[in-house]
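Trainee: Pasting a structure here, questions to come.
Protein chains in written order, with my numbering: chain A, 4 to 677; chain B, 21 to 415.
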């Protein structure tokens with residue numbers, strides 16, 4: 004699904020970014036004036052076909068592909084990571100408090116093997132492969148799509164683990180205001196409103212002191228008092244964003260500005276003089292269109308849908324550690340990233356057949372500057388920093404077809420895609436030759452579906468890849484070497500996903516899958532401390548996911564279980580051979596119980612997680628944990644009030660990095676729709 | 021596909037079948053032993069292994085498992101000290117004749133510094149006296165390893181901040197030995213960007229913790245200037261100190277110095293041009309001296325790390341040195357170590373040379389008879405690459 008938006012092309016992203024930074028009012032006004040003039044020529048606005056949407060939604064809610072509408076998560080969760088943590092087959096990986104990147108594992112794959120899309124555009128950056136689930140505030144999200152087994156007709160999912168697509172709000176029908184407050188001096192507010200017909204604005208701000216109690220391994224004022232619980236210092240986070248969306252018929256334009264700052268705590272000593280921080284500013288511009296046409300040919304009618312999107316984003320990051328507390332020396336590092344992408348998708352429906360064609364091209368650039376390092380530009384000290392410029396270009400072509408029988412109780416989907424990626428890395432001083440890499444990959448998704456009144460079963464085969472990040476390909480041109488022979492991670496996954504609608508109140512989702520992964524990319528260091536990323540041999544993962552849901556007018560219950568088994572095969576690193584995949588809980592269970600009584604909703608979430616290995620050698624086993632969360636919501640007309648208590652029992656445990664996880668947290672929220 | 025079968029079994033029980041503890045049964049030494057610190061190839065964990073020096077040398081691994089890799093070991097008789105370095109700052113003492121399940125004591129190595137002490141080594145002189153060598157501090161800590169409380173542990177600080185290179189934070193002390201009641205401390209003196217400068221060895225009189233001026237005729241720093249930069253290892257034998265300097269990355273620098281602990285005279289045993297056949301300047305390939313082990317005044321060994329430009333893995337050669345005559349040659353009688361990465365060498369009480377192999381696919385230890393320069397016994401298989409080898413003695 005591609006959300007429609009309108010975008011007036013800007014040729015110089017740098018100039019618009021500078022312009023926006025210093026004179027934010029003027030471009031907003033110009034944007035409004037232009038869009039208002041355009042809208043005044045058209046009376047129509049984009050209206051969704053509710054019947055189609057409902058039928059679409061109900062037929063796709065199984066373990067394979069899910070769509071969560073806004074009502075599922077708004078006013079109930081602090082952020083996207085909190086919501087996704089409750090979903091079957093998903094494991095959120097977030098260390099520390101608010102502002103630290105939240106990553107996600109789908110069906111046992113690691114976070115880099117999961118693709119995060121925002122309105123169909125990949126959020127994983129090419130330099131490090133990272134993303135942050137919480138980049139988009141929940142208030143700006145219209146729906147969330149999750150695909151696990153690959154289903155390009157519904158969501159372009161070519162990731163090894165799975166794909167999440169965040170669909171942002173297309174516009175507001177009426178103003179709304181929400182205010183949240185919580186522990187650790189956490190505050191959040193959001194305001195959204197239509198401005199004129201077709202134009203809407205969304206403003207969001209959140210902040211937290213993150214001053215939770217943390218066992219400091221070597222307290223600076225008393226190193227002998229090891230693991231003393233202290234209030235964590237220099238951990239504050241703040242983020243503000245503004246988004247404008249202009250719709251005009253089938254076209255929508257979006258402009259979003261985001262600014263955030265995360266102070267970096269000294270987890271080891273909790274030093275008073277630590278003032279390290281990471282600041283980020285990014286500007287996103289997109290223009291989207293969605294067009295549907297009815298056609299007649301030889302007395303046959305068929306429908307075509309065409310979606311397209313133009314996207315550009317720039318991001319400036321600055322990491323500073325002036326006191327040299329976090330690293331071995333002081334830091335004042337600047338990182339600039341930009342990404343441009345163009346996508347086109349056409350669907351054709353002809354009786355029992357559907358055809359799909361997708362094409363996309365992208366270009367991404369990453370530049371680093373180490374301002375406190377006098378020779379980083381010359382790049383003469385291998386153990387020091389090195390200013391670099393990395394570029395990546397790519398294109399993808401996908402062709403797909405889906406056939407349904409006359410009774411529409413059987414479907415066969417086939418899609419094949421080819422990606423081509425070219426990467427280049429060079430010193431910023433342009434000395435020496437550029438390092439280059441070029442790879443192509445052909446993947447596919449095959450699906451056979453049997454659909455009955457009560458049971459949907461999908462048999463899928465997905466062939467996927469993950470292209471190495473630029474950092475893995477080229478290193479830091481210092482002590483972390485590049486590896487020109489690094490190949491894509493490749494996988495083939497076999498899965499059976501089943502939805503059994505027992506009756507109106509009961510349904511059971513189940514899935515069984517088996518994945519073969521080859522060329523897993525891991526860092527390997529020699530005894531000097533010089534390392535590089537290499538392709539390990541193979542990994543095998545199999546899993547069963549079960550979920551039973553019961554719901555009546557007053558009560559709902561959901562029981563979920565994810566059971567994974569894995570093994571690695573590695574003939575390059577002895578201690579990694581015949582081990583279990585690290586970084587994922589191999590067994591997790593959850594019980595969600597909810598009550599709806601008049602205007603009150605109370606939900607209790609029990610999560611049990613175990614069998615986590617911290618390291619690839621499986622020497623360090625992670626903590627088992629049982630976490631209880633409680634959500635409460637009261638709805639009266641346009642007013643929502645609520646509270647959330649996370650980790651009710653204040654359980655102490657270490658997270659997937661083996662660092663103490665945040666403890667009990669609370670939040671109260673209120674929302675008013677005018 | 022066999023994983024599917026086990027998956028169904030596990031699912032039917034709805035419990036995980038993982039989670040077995042990896043701890044070894046309590047291990048105690050009963051005779052002279054080796055101890056080896058290992059770390060995972062991706063630096064995500066580390067462990068220690070112990071085994072007999074003579075007879076069956078099979079290693080018992082899985083000891084002192086940590087979720088960090090920057091650990092080192094120091095030994096004194098039957099005592100093993102497990103030292104956590106950068107951003108760990110810990111030292112734990114174990115009596116290996118009683119096992120390594122429970123430490124006799126655990127202390128922080130950071131006495132009063134703002135930064136991580138990054139302790140590399142404990143140099144122990146007696147049961148009640150030792151010195152912590154701190155890479156992340158300007159001070160050596162004099163400690164009492166027999167202290168049962170921290171209040172009795174730290175006895176004094178020896179300030180070597182005079183050796184800090186201009187603009188840098190610390191002198192970067194990397195190793196130390198005790199000779200005739202004097203502490204010899206090697207310092208790399210790196211710049212703020214970690215470029216190596218003129219290294220020194222400071223000499224401390226342990227009667228009063230005062231620094232000895234090794235060259236009163238010259239002004240400036242009191243210590244012994246070395247010719248080989250980026251000092252990694254110093255060892256002592258028969259009144260002489262042997263100091264390796266690996267030099268700078270990607271350059272033809274480094275070497276091996278021999279220092280007379282009485283006259284403080286420095287003799288370069290290995291320099292840039294000692295092994296020209298190992299260098300290939302056209303391909304940016306140079307050897308770097310990383311480690312040394314001394315058998316006698318006529319026989320020593322050094323590890324030469326052949327660093328063949330950035331894309332290539334690190335391999336090693338063993339140089340054979342006659343410290344008295346200065347004669348040099350390369351060990352060529354042990355084909356098993358050809359192409360291997362040798363991370364550490366050490367001499368045991370029987371004058372055998374122990375070579376730690378850090379190749380991730382087949383890590384372990386070779387033992388060499390120094391009389392014949394041939395292998396002694398079987399290859400000691402280990403689970404992880406070797407970082408450091410030490411020896412324990414049973415009194």
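Glycine included, every Cβ here is placed at the ideal spot set by N, Cα and C.
Is it buried or exposed, residue 295/A, if we count other Cβ atoms within 10 angstroms and call 16 or more buried?
Mentor: Per the 10 Å Cβ criterion, exposed.
Trainee: Which residue comes first and which comes last in the alpha helix (DSSP H) that contains residue 161/B?
Mentor: Element bounds for residue 161/B: not the alpha helix (DSSP H) but the beta strand (DSSP E), 159 to 163.
Trainee: Can you find a C-beta in chain B that's less than 8 Å from the C-beta of residue 686/A?
Mentor: Given a span of 4 to 677 for chain A in the structure shown, any question on residue 686/A remains unanswerable.
Trainee: Using a 10 Å radius around the Cβ and a threshold of 16 neighbouring Cβ atoms, would you call residue 505/A buried or exposed?
Mentor: Exposed: under 16 other Cβ atoms inside 10 Å.
Trainee: Under 8 Å between the Cβ atoms of residue 668/A and residue 185/A?
Mentor: In this structure, residue 185/A lies closer than 8 Å to residue 668/A by Cβ.
Trainee: Tell me the DSSP secondary structure of residue 369/B in three-state form.
Mentor: Three-state DSSP puts residue 369/B in coil, outside helix and strand.
Trainee: May I ask you to list, following chain order, the residues of the region 204 to 231 of chain B that have a beta carbon less than 7 Å from some beta carbon of chain A?
Mentor: Those residues of the region 204 to 231 of chain B that come within reach of chain A (Cβ to Cβ, closer than 7 Å) are 212, 213, 214, 215.
Trainee: Do the region 148 to 160 of chain A and the region 460 to 470 of chain A meet, that is, are 3 or more Cβ pairs less than 8 Å apart?
Mentor: A contact exists between the region 148 to 160 of chain A and the region 460 to 470 of chain A.
Trainee: Got a sec? Which residues, its chain only, sit under 8 Å from residue 673/A by beta carbon, not counting five neighbours each side?
Mentor: Contacts found: 181, 182, 183, 642, 643, 644, 645.
Trainee: DSSP three-state call for residue 523/A: helix, strand or coil?
Mentor: Reduced to three states, the DSSP call for residue 523/A is coil.
Trainee: Short of 8 Å Cβ to Cβ, which residues in the region 207 to 231 of chain A face chain B?
Mentor: The residues in question are 220, 221, 223, 226, 227, 229.
Trainee: Using the C-alpha atoms, what's the distance from residue 103/A back to residue 127/B?
Mentor: So the two alpha carbons sit approximately 32 Å from each other.
Trainee: Against chain A, which members of the region 233 to 258 of chain B pass a CB distance test of less than 7 Å?
Mentor: Those residues of the region 233 to 258 of chain B that come within reach of chain A (Cβ to Cβ, closer than 7 Å) do not exist; the list is empty.
Trainee: Following the continuous beta strand (DSSP E) through residue 217/A, name the residue where it begins and the one where it ends.
Mentor: Its beta strand (DSSP E) spans residues 216 to 219.
Trainee: DSSP three-state label for residue 602/A, please.
Mentor: Coil at residue 602/A, not helix or strand.
Trainee: Using C-beta distances below 8 Å, list every residue in its chain close to residue 455/A, excluding the 5 sequence neighbours before and after it, in chain order.
Mentor: Result list for residue 455/A: 412, in chain order.
Trainee: Taking the C-alpha atoms as reference points, what is the distance between residue 249/A and residue 89/A?
Mentor: So the alpha carbons of these two residues sit roughly 33 Å apart.
Trainee: Tell me which residues share the same chain as residue 55/A and place their Cβ nearer than 6 Å to its Cβ, disregarding the 5 neighbours each side in the sequence.
Mentor: Summary for residue 55/A: the model assigns pLDDT 30, below 50, so the residue's position carries little reliability; its value from the coordinates is reported in the next sentence. Around residue 55/A: no qualifying Cβ.
Trainee: Taking a cut of 8 Å between CB atoms, which residues from the region 180 to 210 of chain A lie near chain B?
Mentor: So the list is empty, because no residue satisfies the distance condition.
Trainee: If the criterion is Cβ atoms closer than 8 Å, does the pair residue 205/B and residue 241/B meet it?
Mentor: It is not a contact, given that the beta carbons lie outside the stated cut-off.
Trainee: By the 10 Å Cβ neighbour count, where 16 or more other Cβ atoms means buried, how is residue 86/B classified, buried or exposed?
Mentor: Under this definition residue 86/B is a buried residue.
Trainee: Taking C-beta pairs closer than 9 Å, name the residues in chain B that residue 387/A reaches, listed in chain order.
Mentor: The contacting residues are 213, 214, 215.
Trainee: I need the DSSP call for residue 77/B, collapsed to helix, strand or coil.
Mentor: Note: residue 77/B maps to coil in three-state DSSP.
Trainee: So the alpha helix (DSSP H) residue 84/A belongs to, where does it begin and stop?
Mentor: 83 to 87 is the span of the alpha helix (DSSP H), which, as asked, contains residue 84/A.
Trainee: Using the rule of at least 16 other Cβ atoms within 10 Å of the residue's Cβ for burial, across every protein chain shown, is residue 285/B buried or exposed?
Mentor: With fewer than 16 Cβ atoms within 10 Å of its Cβ, residue 285/B is classed as exposed.
Trainee: In chain A, which residues lie less than 9 Å from residue 407/B when you measure between Cβ atoms?
Mentor: Simply 530.
Trainee: Among the residues of its own chain, which have a CB less than 7 Å from the CB of residue 473/A, if the five just before and after it don't count?
Mentor: Within the same chain, residue 473/A has close Cβ partners 129, 130, 369, 393, 395, 426, 428.
Trainee: At a cut of 8 Å, does the region 159 to 168 of chain A reach the region 257 to 270 of chain A through at least three beta carbon pairs?
Mentor: In short, these stretches do not touch, since the Cβ pair count stays below three.
Trainee: Per DSSP, which one or two residues make a beta bridge with residue 73/A?
Mentor: In DSSP, residue 73/A forms no bridge with anything.
Trainee: Would you tell me roughly how many angstroms separate the C-alpha atoms of residue 636/A and residue 158/B, rounded to the nearest one?
Mentor: So the two alpha carbons sit approximately 58 Å from each other.
Trainee: For residue 169/B, does the count of other Cβ atoms within 10 angstroms reach 16, so buried, or fall short, so exposed?
Mentor: Answer is exposed; the Cβ neighbour count stays below 16.
Trainee: Counting only Cβ-Cβ distances shorter than 9 Å, please list the residues of the region 538 to 572 of chain A near chain B, keeping chain order.
Mentor: Listed by position along the chain: 543, 544, 545, 546, 547, 549, 564, 566, 567, 568, 569, 570.
Trainee: Under 8 Å, do residue 373/B and residue 388/B count as touching if we go by C-beta distance?
Mentor: Contact flag set, yes.
Trainee: DSSP puts residue 257/B in a beta bridge; with which residues?
Mentor: Bridge partners of residue 257/B: 260/B.
Trainee: Let me know the secondary structure DSSP gives residue 288/A once reduced to three states.
Mentor: Here residue 288/A sits in strand by DSSP.
Trainee: Using the three-state DSSP reduction, which class does residue 475/A fall into: helix, strand or coil?
Mentor: If DSSP states are grouped into helix, strand and coil, residue 475/A belongs with the helices.
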